[in-house]
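Enquirer: Could you have a look at this structure, given as structure tokens, before my questions?
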Amino acid sequence: MGFRALLTDRDAGGKVTSTVAEIDEASLPAGNVTVDIDWAGLNYKDGLCLTGGGGLVRNYPHVAGIDFAGTVRHSADDRYAEGQEVVLTGWRVGEVQWGGYAERARVNADWLVPLPQGLSTRDAMVVGTAGLTAMLSINRLEAAGISPESGVVLVTGAAGGVGSIATALLARLGYSVAALSGRPQHGEALKALGAASIVDRNEFLAQPDKVLESARWAAAIDSVGGKVLGKLLKQINYGGAVASLGNAGGIELNTNVLPFILRGVTLIGIDSVMQPYATRIAAWQRIAETFDIAAYGKLVREIGLEELPAAGEQILAGEINGRVLVRPH
Ligand code: NDP
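The sequence shown maps to residues 851 to 1179 in the numbering used here.
Next up, the structure:
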């Protein structure tokens, strides 16, 4: 029997467009677990995959969607049984492999994790790749010696998916959070998530650039990169650490070595895509114990497959706040 999917295709002129189509199970890629998808997420990378950006998708037609949660329909792998609820993030699913913008997906069992206890499949996609990445960032900062006693943690791109969940998680864990955003209209929502203060991105960037600036932050979680990361590194306290996870503001990094050699600052790279199973499970467990999903509810919007192409453009334009959930049915 056929099922609905958002098929992304490229025409002879290179234009990439997506349309909802009925496809059959035989078209699904090889894999040992088939999942009926309840919810998928919308991430910055999904915006790229839906518009042909970044060269992430090489083969068309394609089904995008880098994360999803659902129920196992068929499994040829001992670790998963029919009816079991599962979550998938990363492993280049939705880029190289067909992903979550469909009612059904076929994947490799190695890429799945069991739905964490205490979360529904919808909750898992409220969290999604964004929340997992936020948690992985916090875990790495703590491994580098950061704790709530260290001082204020700056979160950049705070109104976005990773930034807003990082703000909420840090606040729940007892950290004082400064939320940097280019959209002051979301300041109140960020305060409701637990941000102690809001930093205006334009004002932050407008301050005169020095080789080393007044130390203000114990640590930072940065989804922006570019000028924002270059500047904040110069404002990190002695012994502080920065988790660099994104490039929503650019891939360049212009800085100098003084924060590292005079203040002992640590720059940590975060990748959620290829994380080993044990690290994922530990992060999901901590999220389930920490994240107040009900309190985050106002920042969640639900859409259908038909609305995805427009939402993909919006996320690339920095116009989405919080998390967008995709219901494929
Ligand atoms: P979102 O679009 O939801 O959030 C990005 C935020 O960055 C925006 O909300 C905006 O925040 C800010 N921003 C957008 N454009 C600019 C700009 N031109 N200059 C400065 N700030 C900007 O995306 P996600 O949260 O899904 O992803 C954030 C980043 O993290 C992306 O680069 C993504 O690729 C990366 N990522 C990396 C992962 C990893 O494993 N390393 C996993 C997940 C995401 P505001 O309006 O508040 O300023």
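Just so you know, even glycine gets a beta-carbon here, dropped at the ideal spot from N, CA and C.
So L954 packs on V885, CB below 8 Å; how close in whole Å?
Expert: The sequence shown places Arg at residue 954, rather than the Leu named in the question. With a Cβ gap of about 7 Å, R954 and V885 count as contacting.
Enquirer: Checking 8 Å against the spacing of the C-beta atoms, do V1061 and L1103 come in under that value?
Expert: no
Enquirer: Tell me which same chain residues have a C-beta within less than 7 Å of the C-beta of T1140, skipping the five on either side of it?
Expert: L1019, R1022, L1023
Enquirer: Reducing DSSP to helix, strand and coil, say where I1131 ends up.
Expert: helix
Enquirer: What do you reckon, is the C-beta of S1047 under 7 Å from a heavy atom of ligand 1?
Expert: no
Enquirer: Put E992 into one of helix, strand or coil per three-state DSSP.
Expert: helix
Enquirer: Taking 8 Å as the cut-off, does the region 1156-1166 touch the region 982-1002 (at least 3 CB pairs, one atom from each stretch)?
Expert: Under the three-pair Cβ rule at 8 Å, the region 982-1002 does not count as touching the region 1156-1166.
Enquirer: Nearest-angstrom Cα distance between E1169 and P1034?
Expert: Straight-line Cα distance between these residues: approximately 13 Å.
Enquirer: Using a 10 Å radius around the Cβ and a threshold of 16 neighbouring Cβ atoms, would you call A1144 buried or exposed?
Expert: exposed
Enquirer: Would the beta-carbon of V1002 be found less than 7 Å away from any heavy atom of ligand 1?
Expert: no
Enquirer: Do I1137 and L892 have their C-beta atoms within less than 8 Å of each other?
Expert: No, these two residues do not count as a Cβ contact at 8 Å.
Enquirer: Where V1078 and L1055 are concerned, what is the direct C-alpha to C-alpha distance, given to the nearest angstrom?
Expert: 7 Å
Enquirer: Is S997 buried or exposed, if buried means 16 or more other CB atoms sit within 10 Å of its CB?
Expert: exposed
Enquirer: On a CA-only basis, which of G1172, V1176, P1178, E1152 is nearest A984? Give me that one, please.
Expert: G1172
Enquirer: Taking the Cβ atom as the reference point for each residue, do K1081 and D1059 lie within a distance shorter than 8 Å?
Expert: One thing to note: K1081 has its Cβ within 8 Å of the Cβ of D1059.
Enquirer: Less than 7 Å between the CB of T979 and some heavy atom of ligand 1, yes or no?
Expert: Shortest gap from the CB of T979 to any heavy atom of ligand 1: under 7 Å.
Enquirer: Do A1029 and A1045 have their beta-carbon atoms positioned less than 8 Å apart in this structure?
Expert: yes
Enquirer: Of the choices S1014, A1091, E875, A994, whose alpha-carbon is the least far from that of R923?
Expert: E875
Enquirer: Excluding the five sequence neighbours on either side, which residues of its own chain have a C-beta within less than 6 Å of the C-beta of G978, listed in chain order?
Expert: G891, D917
Enquirer: Using a threshold of 7 Å, is the CB atom of N1052 nearer than that to any non-hydrogen atom of ligand 1?
Expert: No, Cβ of N1052 sits at least 7 Å from all heavy atoms of ligand 1.
Enquirer: Give every residue of the same chain whose Cβ lies closer than 6 Å to the Cβ of K895, excluding the five residues on either side of it in the sequence, and list them in chain order.
Expert: I916
Enquirer: Can the beta-carbon of S868 be found closer than 8 Å to that of L878?
Expert: no
Enquirer: Taking 8 Å as the threshold (C-beta atoms), are W889 and L1175 in contact?
Expert: yes
Enquirer: Just verifying my parser: in three-state terms, what is the DSSP assignment at V1061?
Expert: coil
Enquirer: Sort V937, G950, Q1125, G902 by Cα distance to A855 and report the nearest one.
Expert: G950
Enquirer: With distance defined between alpha-carbon atoms, name the residue in S1073, A1128, T1116 nearest to I820.
Expert: This structure does not reach residue 820, given that the chain is present from 851 up to 1179, and the question cannot be answered.
Enquirer: Tell me the rounded alpha-carbon separation between L982 and V957.
Expert: Rounded to the nearest angstrom, the two C-alpha atoms are 20 Å apart.
Enquirer: The alpha helix (DSSP H) with T1006 in it runs from where to where?
Expert: Here T1006 belongs to no alpha helix (DSSP H), and DSSP marks it neither H nor E.
Enquirer: CB R942 to CB G902, shorter than 8 Å?
Expert: no
Enquirer: So, are the CB atoms of S1122 and L991 less than 8 Å apart?
Expert: no
Enquirer: With respect to the alpha helix (DSSP H) encompassing R1177, which residues constitute its N-terminal and C-terminal limits?
Expert: No alpha helix (DSSP H) contains R1177, which is instead part of the beta strand (DSSP E) from 1173-1177.
Enquirer: Taking the alpha carbon of T921 as the point to measure from, which residue in G1007, I887, V870 has its own alpha carbon closest?
Expert: I887
Enquirer: Looking only at its chain, what residues have a beta carbon closer than 8 Å to the beta carbon of N1052, apart from the 5 residues adjacent to it on each side?
Expert: G1032
Enquirer: Could you say which of H912, A974, N909, A1093 lies nearest to V936 if we only look at CA atoms?
Expert: Measuring from the Cα of V936, the nearest candidate turns out to be A974.
Enquirer: Measuring CA to CA, which of K1041, I1118, A993 is closest to I1015?
Expert: K1041
Enquirer: What residue ranges within the region 898-960 form continuous alpha helix (DSSP H) runs of no fewer than 4 residues, ordered along the chain?
Expert: none
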